[in-house]
């Protein structure tokens with residue numbers, strides 16, 4: 004849901020954020036839509052393509068800061084690689100349009116040497132659409148710079164298609180510490196504690212929990228949590244479903260939708276979430292109008308920026324009553340750099356050199372520092388030592404598993420998001436929501452679009 008998207012999470016971060024755009028040569032500085040880079044006279048020019056305006060270095064930073072970071076990194080790379088004359092970075096548009104923009108660019112013959120790729124799109128659509136070139140062997144000379152487990156997020160059918168260059172995310176609930184203390188709500192609440200707190204919060208005129216439901220790609224995060232508890236092993240079940248051994252409307256999947264509905268029925272998750280976007284969710288929390296929201300660790304920079312009148316904290320998505328599985332939280336290395344399937348042969352080595360440069364710890368610190376990461380995919384770039392980070396490393400990261408939409412085809416992700424919106428709004432039953440996911444997957448199979456072909 005996703006870079007680079009934090010989901011990107013597809014994730015995860017404002018779809019409306021626009022990148023700083025500029026290009027610089029030795030002779031001229033000029034602005035142009037979606038392009039950024041430094042150039043000198045001789046050598047090849049690398050074209051980096053991003054499906055959305057989030058597919059940039061330091062995507063959570065302001066455009067002018069992104070520009071400064073990108074300028075510094077590209078300048079350093081060009082000094083080390085005189086065979087490259089420039090790096091142009093074209094990343095535009097909303098997050099939801101990433102796939103369409105990338106496919107359109109390919110069909111129109113637009114030059115794409117490197118693709119700034121979120122794990123979400125790599126797994127869900129890019130490989131299946133033939134947009135990426137496998138680089139399993141090519142990255143071995145510098146793979147030692149990267150956390151080995153993070154490479155799994157960009158591995159499809161045993162082949163590596165991207166190198167993760169991002170902070171490592173997990174999912175958590177952010178809450179208003181002072182409000183919880185004032186109302187006597189435990190700071191590490193159980194689900195029953197949250198349910199019991201609803202009348203207190205309502206009496207105080209505060210929405211218990213508001214979600215960015217208008218941003219549809221963020222709904223599946225709830226399903227990841229629920230399926231972990233309803234199934235006991237969400238990764239194994241998902242793999243079985245993708246192999247056709249289990250349907251997407253099996254009992255555990257139906258139960259996952261029901262568990263999400265329970266949050267609404269018990270008054271914790273507000274139905275108003277359906278009309279609230281990311282900015283609205285953040286603003287309601289920062290102003291004290293809502294007590295909690297659920298999201299990923301990519302939210303931390305925004306919280307530090309916007310929450311001024313109270314202290315915020317974190318606690319894991321709680322175990323729900325009667326579930327057989329323990330809580331598991333979606334996360335991993337969100338964003339990476341991939342080779343385009345259409346890259347000319349003479350540009351493969353320079354492109355790999357650029358990826359290798361981005362994995363150097365001293366370079367990665369430049370673009371990852373803005374994330375204030377709890378952990379990163381690059382060895383030698385450590386996480387911050389703040390109370391919330393220590394809490395997450397203790398309680399949440401040990402129970403973090405791969406985001407399921409990094410395994411699903413994008414059509415399944417869309418069906419899950421739609422199903423949850425219907426369940427939350429009371430227009431769809433859990434059974435019908437799960438059946439719609441199964442129908443979407445069956446269509447893919449029947450049309451020969453699944454499983455992915457090498």
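Numbering (the working numbering), first residue to last: 4 to 457.
Quick reminder that beta carbons are idealized off the backbone N, C-alpha and C, glycines included.
- CA-CA distance, residue 277 to residue 285, rounds to 14 Å.
- The three-state secondary structure of residue 93, taken from DSSP, is strand.
- If you look at residue 377, you'll find it isn't in any beta strand (DSSP E); DSSP assigns it neither H nor E.
- DSSP, read as helix, strand or coil, puts residue 172 in strand.
- The straight-line gap separating the alpha-carbon atoms of residue 437 and residue 146 is approximately 40 Å.
- In its chain, beyond the 5 residues on either side, 179, 180, 181, 182 and 291 have a beta carbon closer than 8 Å to the beta carbon of residue 313.
- Excluding five sequence positions before and after residue 408, the CB atoms of its chain that fall closer than 7 Å to its own CB belong to 4, 123, 127, 223 and 416, given in chain order.
- Residue nearest to residue 248 within the set 444, 456, 452 and 363 is 444 (criterion: CA-CA distance).
- Residue 372 and residue 384 have their C-alpha atoms roughly 9 Å apart.
- The Cβ atoms of residue 63 and residue 304 sit closer than 8 Å to each other.
- Straight through space, the alpha carbons of residue 387 and residue 335 are spaced by roughly 17 Å.
- Cβ neighbours of residue 106 within its own chain (closer than 8 Å, five residues either side excluded): 132 and 134.
- Taken through DSSP and simplified to helix, strand or coil, residue 326 comes out as coil.
- With a cutoff of 8 Å on beta-carbon distance, residue 378 and residue 406 are scored as not near each other.
- In chain order, 201, 204, 271 and 294 place their CB closer than 6 Å to the CB of residue 211, counting only its own chain and leaving out the 5 sequence neighbours on each side.
- Counting the other Cβ atoms within 10 Å of the Cβ of residue 231 gives 16 or more, which makes it buried.
- Relative to the Cα of residue 99, the nearest Cα in the group 326, 220 and 177 belongs to 220.
- By the C-beta density criterion, residue 392 is buried, having at least 16 other C-beta atoms within 10 angstroms.
- The three-state reading of DSSP puts residue 76 in helix, counting H, G and I together.
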